[in-house]
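> Note that the protein sequences, when read in sequence, are chains F and H.
1 is the number of the first residue of the first sequence in our numbering; add one for each residue after it.
1001 is the number of the first residue of the second sequence in our numbering; add one for each residue after it.
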Amino acid sequence: GEDVEQSLFLSVREGDSSVINCTYTDSSSTYLYWYKQEPGAGLQLLTYIFSNMDMKQDQRLTVLLNKKDKHLSLRIADTQTGDSAIYFCADKASGGSYIPTFGRGTSLIVHP
Amino acid sequence: DVKVTQSSRYLVKRTGEKVFLECVQDMDHENMFWYRQDPGLGLRLIYFSYDVKMKEKGDIPEGYSVSREKKERFSLILESASTNQTSMYLCASTQMTGGANEQYFGPGTRLTVT
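Printed below as a string of structure tokens:
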């Protein structure tokens, strides 16, 4: 079945850039998502990219999609302590499915 | 402001008890989901529903059942709670339309079974 993989932890210094990586296996993925989960809360959509795009930028966030390698990344510029959270990569296949496949989540730790 | 609410943030139950977790959404979404979240395992889909009184098993339905009597409400039932069901439970909803179909999540219920 489909699989979405991401590393479990990332530690960065405040002010640096963070890059969270994700790989997926389903070549029919139409949308790819990044969700953020702050401590004690549910997930919230951070951004998404349609499969015919290779980059999307939204303020401090840059999403890069390499469809050939099935690789998705999320770059957070000027990382702040408030960015500390778990970041989930997810994809949605074509064919009318509305159920995304989630990765295991990357815990981003921002230290001063 | 769109909202998914869950009946409890924290719940402590004894082994063998029947447990009800309630989820309500105010966005008129057709699809609703129950996930459990465990450290290192991410989100695992328990059940989902695409319409009132309709339900489908997810990846880990064993030990759980669900009920959807009204469009806005989706309940998760643990018929006889066990310690391995100690977890964070997340409810989500989404529209049944084309497009990105963002999932909206509730704040979660942390269930401890002793």
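Quick reminder that beta carbons are idealized off the backbone N, C-alpha and C, glycines included.
Owing to the predicted nature of the structure, the values given are computational and were not obtained by experimental measurement.
Would you say H/Q1025 lies against chain F (beta-carbon separation less than 9 Å)?
Not an interface residue.
> Excluding five sequence neighbours on each side, which residues of the same chain lie with their C-beta closer than 8 Å to the C-beta of H/V1052?
The residues are R1068, E1069, K1070, K1071.
> Residues in its own chain within less than 8 Å of H/T1086 by CB, not counting five upstream and five downstream?
Cβ neighbours of H/T1086 beyond the five flanking positions: L1111, T1112, V1113.
> Indicate whether the contact test is met: 3 or more Cβ pairs, each with one atom in the stretch 1038-1054 of chain H and one in the stretch 1007-1015 of chain H, closer than 8 Å.
Too few Cβ pairs lie closer than 8 Å, so no.
> Could you name the residues that DSSP lists as bridge partners for F/M55?
Paired residue(s): F/L64.
> Starting from H/V1004, follow its DSSP beta bridges and name the residues at the other end.
Answer is H/Q1025.
> Taking buried to mean at least 16 other C-beta atoms within 10 Å of its own C-beta, is H/H1029 buried or exposed?
That one is buried.
> At a Cβ threshold of 9 Å, is H/G1106 touching chain F?
Yes - at least one Cβ of chain F is within 9 Å of the one on H/G1106.
> Give a yes or no on whether the C-beta atoms belonging to F/S84 and F/V110 are separated by under 9 Å.
Yes, they are a contact pair.
> Measuring straight from C-alpha to C-alpha, what distance separates F/S51 and F/C22?
Cα-Cα distance, rounded: 14 Å.
> Are F/L45 and H/Q1103 closer than 9 Å when you measure CB to CB?
It is a contact, given that the beta carbons lie within the stated cut-off.
> Would you mind giving the Cβ-Cβ distance between F/G42 and H/P1107, rounded to the nearest angstrom? I have them listed as a contact below 8 Å.
Right, the Cβ-Cβ distance comes to about 5 Å (below 8 Å), so this counts as a contact.
> Hey, would you say H/L1021 sits closer than 9 Å to H/T1109, going by beta carbons?
Result yes, Cβ atoms of H/L1021 and H/T1109 sit closer than 9 Å.
> Can you say whether F/D54 is buried or exposed, counting buried as having 16 or more other CB atoms within 10 angstroms of its CB?
F/D54 is exposed by the Cβ-count criterion.
> If you draw a straight line from the alpha carbon of H/Q1006 to that of H/M1096, how long is it in whole angstroms?
When rounded, the distance between both Cα atoms is 21 Å.
> Does F/L64 have its Cβ less than 9 Å from a Cβ in chain H?
F/L64 does not count as touching chain H.
> For F/I109, return the contacting residues in chain H, with the cut-off set at a CB-CB distance below 7 Å.
Chain H residues near F/I109: none, gap ~15 Å exceeds 7 Å.
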